[in-house]
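Visitor: There's a structure below that I have some questions on.
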Ligand SMILES: [Zn+2]
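In our numbering, the protein residues as written are 153 to 255.
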């Protein structure tokens, strides 16, 4: 005989654990977003500071480094557009492509 009660309890336990995993993944995703955003801000700030100090005078594309960073990020499979910034990209995103062209 199968102990139905026990079976139910085990399923519920599993459900709880899955719920917990989801929360954990969600929290990690938020952290990742924050990191990506912080990293981007630092890159832009760094590029601006370099410009001010006078490094990289020969390449006159001002935010060149930030642009490269964004392109790399996009190619790594993340959104760089305002709408979905930092989240995983599935296929091409028109907004991302547009902001790549604008920068
Ligand atoms: Zn996008």
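Cβ atoms here follow ideal geometry from the backbone N, Cα and C, with glycine treated the same way.
What you are looking at is a predicted structure, and each value in this text was computed from that prediction instead of being measured.
1. Tell me which residues pass a beta-carbon proximity test against ligand 1: closer than 7 angstroms to any heavy atom, given in chain order.
2. With respect to the alpha helix (DSSP H) encompassing residue 204, which residues constitute its N-terminal and C-terminal limits?
3. Count the other C-beta atoms from every protein chain shown that fall within 10 angstroms of the C-beta of residue 177, then say buried if there are 16 or more, exposed otherwise.
4. Alpha carbons only, please: which of 161, 223, 240 is nearest the one belonging to residue 195?
5. What does the Cβ neighbour count give for residue 174, buried or exposed, with the cut at 16 atoms within 10 Å?
6. Touch check for the segment 154-167 and the segment 182-201: three-plus C-beta pairs under 8 angstroms?
Guide: In this structure, then:
1. Checking every Cβ against the heavy atoms of ligand 1 under 7 angstroms gives 231, 232, 233, 235, 236, 241, 245, 247, 248.
2. Counting from 1 along the chain shown, the entry for residue 204 is found at position 52. DSSP places residue 204 inside the alpha helix (DSSP H), whose first and last residues are 156-205.
3. Locating residue 177 in the chain shown gives position 25, where the first residue counts as 1. Counting every other CB atom within 10 Å of its CB across the protein chains shown gives residue 177 a total below 16, marking it as exposed.
4. In the chain shown, counting from the first residue as 1, residue 195 sits at position 43. Nearest option by C-alpha distance: 223.
5. The residue you call residue 174 lines up with position 22 of the chain shown. Per the 10 Å Cβ criterion, exposed.
6. Contact fails: fewer than three Cβ-Cβ distances are below 8 angstroms.
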